[in-house]
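What follows is a short report on a single structure.
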Amino acid sequence: MADADGPFVVKRHRSKTHIAPQWKSQSKTSAPTNNFVTPLLNDLYQITMAYSYWQQGRQDLHAVFDLYFRKNPFGGEITMFAGLDEVIRHVSNFHFTREHIDYLKEILPHCPAEFFDWLLSLNCSKVKIYAIPEGTLVFPRLPLIRVEGPIGVTQMLETTLLTLVNYPSLVATNALRHRIVAGQNSTLFEFGLRRAQGPDGGISASKYSYMGGFDGTSNVLAGHLFGIPVKGTHAHSYVTSFTDVSDLRVRELKDVNGKVFDLWEMVQEVYKQADLVTQTNQGELAAFTAYAVSFPNTFLALVDSYDTLKSGVINFLTVAVALHRLGYKANGIRLDSGDLSYLSKETRKLFVKWGEKFQIDYFAKLNIVASNDINERTLSSLQQQGHEIDTFGIGTNLVTCEAQPALGCVYKLVEIEGKPRIKLSQDMAKVTLPSRKSIYRIWGNAQHPILDLITTQNDPDHPEPGKRIQKKRAYITPTRVEPLLKLYWNEGQVAEDFHSLDDIRSYALTQVKIMREDHLRTMNPTPYKISVTSALFKLLYDLWSEEVPIEDISQ
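According to full-length UniProt numbering, the sequence shown is numbered sequentially starting from 1.
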């Protein structure tokens with residue numbers, strides 16, 4: 001019998017069962033979603049540095065590290081911060097197991113047993129983590145995460161934290177950019193699992209694309225783990241597996257009142273009434289009829305297996321009229337090849353024409369879904385050309401971030417035992433901002449933030465509403481000052497509650513609304529202003545002078 005829950009129906013389910021060895025349902029445990037996330041998910045030099053720190057008796061020195069990036073991705077001027085929930089999960093579960101230690105003894109045979117005993121004792125009970133809220137729009141040089149605690153363990157968090165932030169922030173930003181270009185009225189689905197960089201990339205892409213503003217995913221496991229709406233239709237292989245009506249084994253379908261009809265006979269009746277000029281592909285028509293028997297409430301057909309306009313759309317409409325006569329409403333069609341602008345417009349005309357012919361008003365508004373290697377440029381081009389597409393299924397170019405493969409977050413020491421530290425470079429972008437810092441988002445009289453201000457912890461230029469700030473030969477008098485860094489992990493305790501994926505997604509989309517449009521545009525965006533206080537600038541200059549020998553150029 002027909003299943004009312006078919007393609008393109010929202011499926012929300014937060015399972016309490018662990019269904020896969022590698023991934024765990026977030027509703028069951030606060031452990032990392034991916035079982036690979038352990039202290040061994042690390043670069044070897046983190047372990048060798050830990051040994052040297054331990055050997056020198058420096059493992060308990062209090063250190064402060066900043067995690068940040070240097071340049072916004074994709075040629076834009078915004079980045080969405082993502083991955084914080086998994087960072088806190090990792091920190092809360094950080095510990096080496098006996099199995100880990102046995103392996104480390106094999107690759108570091110010269111290290112004494114006492115070192116491995118120390119590793120076994122490590123956890124994050126003396127670590128503090130401050131971070132910008134997940135889903136916030138962020139900018140270069142801002143500390144997204146500040147890690148404080150004994151250097152032996154805080155140094156060892158570097159690689160894993162970068163892994164947990166770099167790709168999530170990149171793909172969430174990519175999704176957000178697609179959302180901005182497509183507009184708020186278009187529906188966006190992530191279809192990238194089969195093209196993602198392995199199962200880990202596929203799961204992360206589904207989660208963070210949704211966080212970045214997509215409406216659902218084709219990834220069933222992501223729906224199970226995170227409660228993301230799951231969507232899907234059928235493949236070309238389903239259509240081409242039918243050659244004619246003889247392949248249609250089940251033809252009966254109950255109408256909404258429970259009376260049984262032969263759907264194929266009704267389809268043939270509509271076919272004759274349509275008075276078609278050319279015959280459509282009968283195998284395709286049989287396939288659509290079969291799928292409609294399975295999913296009469298949500299029937300959506302892939303129409304480009306043979307000829308989109310002369311066969312696929314016509315066959316869909318024929319079945320849709322038959323379903324209507326039984327009390328069901330078809331959903332629409334999917335285009336997966338060809339000129340999407342032209343085909344969507346012509347399809348809409350056919351929807352209107354058939355709606356008028358058979359006196360079915362809602363046919364004019366049937367859903368048109370498009371896929372076919374869509375990316376940000378495609379969306380922009382379609383907006384310029386005009387189109388009739390309601391829903392976009394985006395896969396390869398979204399999940400692989402084809403326009404930029406990595407965000408480039410770094411993790412740098414900025415303070416040791418209360419002493420500010422700096423890393424210098426001939427490349428100014430790679431010079432670190434020293435010391436433990438705070439960040440404030442400054443609002444003026446408009447309904448948009450003006451700039452982000454980075455300060456030292458005890459800065460005399462600490463911003464306050466109504467207090468004038470001089471920047472770049474200009475004054476700012478904030479109407480609102482928003483501290484961005486919050487304490488999320490406090491020496492063994494989660495200090496902020498986890499927000500749901502839906503809440504973070506809503507927050508992220510709200511962030512878009514409060515930013516100036518010229519910062520958000522994909523072509524020639526205006527850079528958002530980032531400033532440092534006079535005290536921080538002076539500290540940077542003084543440390544630079546201390547750490548770099550003064551060259552005598554008179555010789």
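Positions of the beta carbon are idealized from the N, C-alpha and C atoms, including for glycine.
Please list, in chain order, all residues of the same chain as residue i whose beta carbon is under 8 Å from its beta carbon, the five residues on each side excluded.
i	result
LEU161	LEU67, VAL87, HIS90, ILE145, VAL147, TYR411
GLY327	ASP255, VAL256, ASN257
VAL548	LEU424
LEU309	LEU343, GLU346, THR347, LEU350
By a C-beta neighbour count over all protein chains shown, 10 Å radius and 16 as the cutoff for buried, is residue i buried or exposed?
i	result
GLU356	exposed
SER30	exposed
THR97	exposed
ASN72	buried
THR79	buried
PHE115	buried
ILE514	exposed
ARG141	buried
TRP544	exposed
ASN458	exposed
ASP518	exposed
LYS28	Note that LYS28 scores a pLDDT of 37, beneath 50, so its modelled location is shaky and nothing firm can be said.
GLN22	Annotation note: pLDDT 41 at GLN22 (below 50); position unreliable, no value reported.
PHE537	exposed
HIS18	Only weak support is given to the placement of HIS18: the predicted model assigns it a pLDDT of 32, under 50, and the value that follows is read from those uncertain coordinates. HIS18 is exposed by the Cβ-count criterion.
LYS353	exposed
PRO405	exposed
ASP95	For the sequence presented, residue 95 should be read as His rather than Asp. With fewer than 16 Cβ atoms within 10 Å of its Cβ, HIS95 is classed as exposed.
For residue i, which residues of its own chain have a beta-carbon under 6 Å away from its beta-carbon, when the five flanking residues on both sides are left out?
i	result
HIS62	GLU417
VAL321	VAL270, PHE358
GLY152	ALA50, TYR53, GLN59
TYR507	GLY135
GLY395	PHE191, GLY192, ARG195
ALA403	PHE74
LEU122	VAL153
MET523	none
ARG516	HIS448
LEU285	ASN315
LEU382	SER341
MET156	GLN46, ALA50
LEU366	GLY332, PHE351
Near residue i, which residues of its chain fall below 7 Å by C-beta distance, leaving aside the five closest residues on each side in sequence?
i	result
PHE316	PHE288, ALA301, VAL303, ILE333
THR240	SER305
ASP262	ARG251, GLU252
Please determine, among the options, the residue with the shortest C-alpha to C-alpha distance to residue i.
i	options	result
VAL250	ILE553, ALA222, VAL293, THR243	VAL293
GLY466	LYS486, GLY444, LEU487	GLY444
LEU540	GLY227, LEU424, ALA131, ASP307	LEU424
TYR167	LEU84, ASP102, VAL313, PRO229	LEU84
PHE81	LYS128, PHE139, LYS126	PHE139
ARG480	ASN281, GLU284, THR308, ILE450	ILE450
SER500	MET211, VAL319, LEU41	MET211
ASP502	VAL414, GLU496, PHE69, GLY223	GLY223
ALA429	PHE69, GLU346, GLY312	PHE69
GLY213	SER186, GLY198, VAL431	SER186
ASN219	ALA235, PRO199, ASN297, SER237	PRO199
GLU415	LEU407, CYS401, SER435	SER435
State the CB to CB distance for the pair residue i and residue j, rounded to an integer number of angstroms; the pair is presumed to be in contact (CB under 8 Å).
i	j	result
LEU176	ASP215	In fact, because the Cβ distance is near 13 Å, the residues do not count as touching under 8 Å.
GLY283	THR243	5 Å
PHE530	ILE454	Position check: residue 530 holds Ile in this sequence, whereas Phe was assumed. Sure, about 7 Å apart at Cβ, within 8 Å.
Indicate whether at least one CB of chain D lies closer than 9 Å to the CB of residue i.
i	result
GLN46	Absent from the structure: chain D. Only one protein chain is present.
Note down, one range per segment and in chain order, each beta strand (DSSP E) of at least 3 residues found wholly within the segment 373 to 445.
With a minimum length of 3 residues, the continuous beta strand (DSSP E) runs that stay inside the segment 373 to 445 are 391 to 394, 410 to 416, 437 to 443.
To test your reading of the DSSP string, which unbroken beta strand (DSSP E) runs of 3 or more residues are found completely within the segment 112 to 178?
Restricted to the segment 112 to 178, the beta strand (DSSP E) segments that are unbroken, complete and at least 3 residues in length are 128 to 131, 145 to 150, listed in chain order.
Hey, which unbroken runs of the alpha helix (DSSP H) at 4 residues or more fall wholly within the segment 48 to 121?
The alpha helix (DSSP H) runs lying completely inside the segment 48 to 121 and spanning 4 residues or more are 84 to 92, 98 to 107, 113 to 121, given in chain order.
Contiguous beta strand (DSSP E) assignments of at least 3 residues, all confined to the segment 516 to 555
Runs of the beta strand (DSSP E) inside the segment 516 to 555: 529 to 532.
At which residue ranges does the segment 246 to 278 contain complete beta strand (DSSP E) runs of 3 or more residues, listed in the order of the chain?
Within the segment 246 to 278, the complete beta strand (DSSP E) segments at least 3 residues long are 252 to 254, 260 to 262, listed from N- to C-terminus.
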